[in-house]
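Residue numbers (the working numbering): 1 to 439.
From the three backbone atoms N, C-alpha and C, an ideal C-beta is built for every residue, glycine too.
Data first, discussion second: the structure below is written as structure tokens.
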């Protein structure tokens with residue numbers, strides 16, 4: 001096969017993988033067979049090129065994200081291209097030393113191991129290349145994430161795809177039969193895991209406010225008190241309406257309030273008065289000034305009895321959040337009598353932060369996000385899809401409360417409880433199911 005034909009297949013596979021992560025399920029299922037056919041028989045040098053092309057095409061999920069700066073995009077695309085180049089290069093090295101029957105399994109193992117290593121190196125800016133995220137719109141296929149995490153689902157997707165690719169390449173029926181058997185077992189495990197979920201013992205009536213405030217207005221609010229008060233008025237009015245409909249928890253998204261110094265102290269007092277008046281707990285995304293200088297990208301958790309708890313973002317995005325200092329640790333806080341883990345924006349893109357708050361006894365997880373810079377790009381979909389995966393992995397409901405783009409609530413099985421996909425202003429009412437309290 002010519003190098004040009006191999007490159008075409010690799011690029012097409014990358015584009016299909018990108019579409020698969022954005023909700024078009026056939027994309028992820030077709031991406032791996034094309035890649036395998038392109039790579040088998042290639043030299044290691046050719047394989048590095050093919051992998052880089054595939055990774056760069058897959059990273060197009062982020063290409064429309066206007067809020068990502070140029071340096072960040074270089075890091076994202078560079079990491080994607082380098083990661084896939086290593087995956088395919090490593091496979092090309094071992095390919096000629098393996099029996100044909102072992103090829104699909106080796107491909108899946110190398111794919112997941114290298115992608116995990118690249119994720120560890122890139123941290124919060126790791127491109128969401130994991131094909132496991134493409135399965136959330138068919139929750140039965142995503143259920144094994146409760147056992148093996150997102151990488152486990154990715155392994156299954158890649159293994160099945162590699163078997164199909166090997167069947168097409170070698171014109172043998174055996175790999176195709178194996179793929180069908182694996183999918184059947186996969187679905188059976190999904191059914192069993194879903195059936196084993198207990199009914200939630202309690203729930204909270206809640207609302208999430210999608211403010212849809214343009215990014216430049218948020219920036220202006222840092223320096224202009226009139227702009228800050230205008231934004232606050234929008235959220236306060238929406239909070240009153242949500243509480244009037246019965247919400248006991250109202251969530252404002254990431255960066256709703258930018259006030260600092262004395263203005264921040266006055267804001268806290270106004271929010272305490274509002275919470276007390278409405279009898280509702282507020283989770284308010286806000287800049288939180290720190291005693292030693294600097295500020296957190298954080299959240300204020302304000303209870304009707306006047307208690308104020310503070311949570312800050314631990315995993316700041318390199319390049320994109322230079323104005324903040326990181327919080328020392330992830331937190332689980334008391335919310336309406338339940339233990340709730342709070343993550344901020346990109347902290348939900350990877351599995352580790354949710355694992356920390358789940359291990360600390362979170363009965364639900366709330367993700368506050370901005371996403372205004374993502375516009376209508378596919379990354380907005382991916383961000384909320386990752387919240388659904390976190391729900392499945394840890395068997396707790398997850399709220400993805402966006403300032404723009406998508407607001408979504410998923411139960412412990414990853415099923416959607418409430419969803420708003422329009423980027424405009426909205427108040428999303430929902431009932432948040434709670435996992436059993438830890439003993």
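Inter-residue CB distance, residue i and residue j (contact presumed, cutoff 8 Å)
| i | j | result |
| --- | --- | --- |
| residue 201 | residue 432 | No, residue 201 and residue 432 are not in contact; Cβ-Cβ is about 13 Å, not under 8 Å. |
| residue 385 | residue 112 | No, residue 385 and residue 112 are not in contact; Cβ-Cβ is about 19 Å, not under 8 Å. |
| residue 47 | residue 89 | 5 Å |
| residue 448 | residue 250 | Because the chain in this structure spans residues 1 to 439, residue 448 falls outside the shown range and cannot be described. |
| residue 273 | residue 267 | In fact, because the Cβ distance is near 11 Å, the residues do not count as touching under 8 Å. |
| residue 368 | residue 254 | 4 Å |
| residue 263 | residue 227 | Incorrect: roughly 12 Å between the Cβ atoms, too far for contact. |
| residue 390 | residue 354 | 4 Å |
| residue 104 | residue 198 | Actually they do not touch by this definition, with Cβ atoms about 37 Å apart. |
| residue 444 | residue 86 | Since the first residue of the chain shown is 1 and the last is 439, residue 444 is not available in this structure. |
Close beta carbons around residue i, own chain, < 7 Å, minus the five adjacent residues each side
| i | result |
| --- | --- |
| residue 37 | 9, 165, 168 and 169 |
| residue 396 | 358, 362, 363, 364, 365, 412 and 435 |
| residue 290 | 296 and 325 |
| residue 108 | 155, 158, 159 and 162 |
| residue 224 | none |
| residue 442 | Here the chain comprises residues numbered 1 to 439, so residue 442 is not present and cannot be evaluated. |
| residue 39 | 47, 50, 88, 91 and 92 |
| residue 306 | 272 and 276 |
| residue 329 | 314 |
| residue 337 | none |
| residue 30 | 16 |
| residue 247 | 205, 206, 207, 280 and 429 |
Span of the alpha helix (DSSP H) around residue i
| i | result |
| --- | --- |
| residue 210 | Taken as a continuous stretch (DSSP letters only), residue 210 belongs to no alpha helix (DSSP H), being part of the beta strand (DSSP E) at 202–210. |
| residue 58 | 44–58 |
| residue 397 | Element bounds for residue 397: not the alpha helix (DSSP H) but the beta strand (DSSP E), 397–402. |
| residue 175 | 174–195 |
| residue 298 | It is not in any alpha helix (DSSP H) - residue 298 instead sits in the beta strand (DSSP E) that spans 295–302. |
| residue 159 | 145–170 |
| residue 356 | 351–359 |
| residue 101 | Residue 101 -> no alpha helix (DSSP H), and no H or E assigned at all. |
| residue 3 | 3–21 |
| residue 139 | 139–142 |
Own chain residues within Cβ distance below 6 Å of residue i, not counting five before or after
| i | result |
| --- | --- |
| residue 441 | With the chain covering only 1 through 439, there is no way to say anything about residue 441. |
| residue 15 | 57 |
| residue 84 | 51, 54 and 55 |
| residue 423 | 404 and 405 |
| residue 98 | 106 |
| residue 304 | 275, 276 and 279 |
| residue 294 | 325 |
| residue 1 | none |
| residue 149 | 351 and 393 |
| residue 27 | 16, 19 and 20 |
| residue 182 | 160 |
| residue 417 | 409, 411 and 430 |
| residue 185 | none |
| residue 285 | 252, 253, 254, 255, 256, 299 and 368 |
| residue 152 | 144 |
| residue 399 | 366 and 409 |
Residues near residue i by beta carbon distance below 8 Å, same chain, minus five either side
| i | result |
| --- | --- |
| residue 310 | 288, 296, 298, 299, 300 and 301 |
| residue 327 | 296, 298, 311, 312, 313 and 314 |
| residue 194 | 139, 140, 143 and 413 |
| residue 7 | 38, 49, 50 and 53 |
Terminal residues of the beta strand (DSSP E) in which residue i lies
| i | result |
| --- | --- |
| residue 310 | 308–312 |
| residue 407 | 407–410 |
| residue 424 | Segment: none, residue 424 is in no beta strand (DSSP E) and carries neither H nor E. |
| residue 343 | 338–344 |
| residue 391 | Segment 378–394 is the alpha helix (DSSP H) holding residue 391; no beta strand (DSSP E) there. |
| residue 364 | 364–369 |
| residue 333 | 331–335 |
Checklist entry - Can you give, in chain order, each stretch of the beta strand (DSSP E) that sits fully within the region 239–291 and has at least 3 residues? => result Fully enclosed beta strand (DSSP E) runs of no fewer than 3 residues occupy 249–257 and 281–289 of the region 239–291, in order along the chain.
Next on the checklist: Whether or not the region 203–214 and the region 227–245 are in contact is what I'm after, with contact meaning three or more pairs of Cβ atoms, one per stretch, closer than 8 Å; do they touch?
Outcome noted: A contact between stretches requires three or more CB pairs, one per stretch, nearer than 8 Å, and the region 227–245 meets this requirement with the region 203–214.
Checklist entry - Any chance the region 307–327 sits against the region 344–354, with 3 or more Cβ pairs inside 8 Å? => result Verdict: yes, contact present.
Checklist entry - Are the region 392–410 and the region 318–329 touching, with three or more C-beta to C-beta distances below 8 Å? => result In this structure the region 392–410 does not lie against the region 318–329, because fewer than three pairs of beta carbons, one per stretch, are closer than 8 Å.
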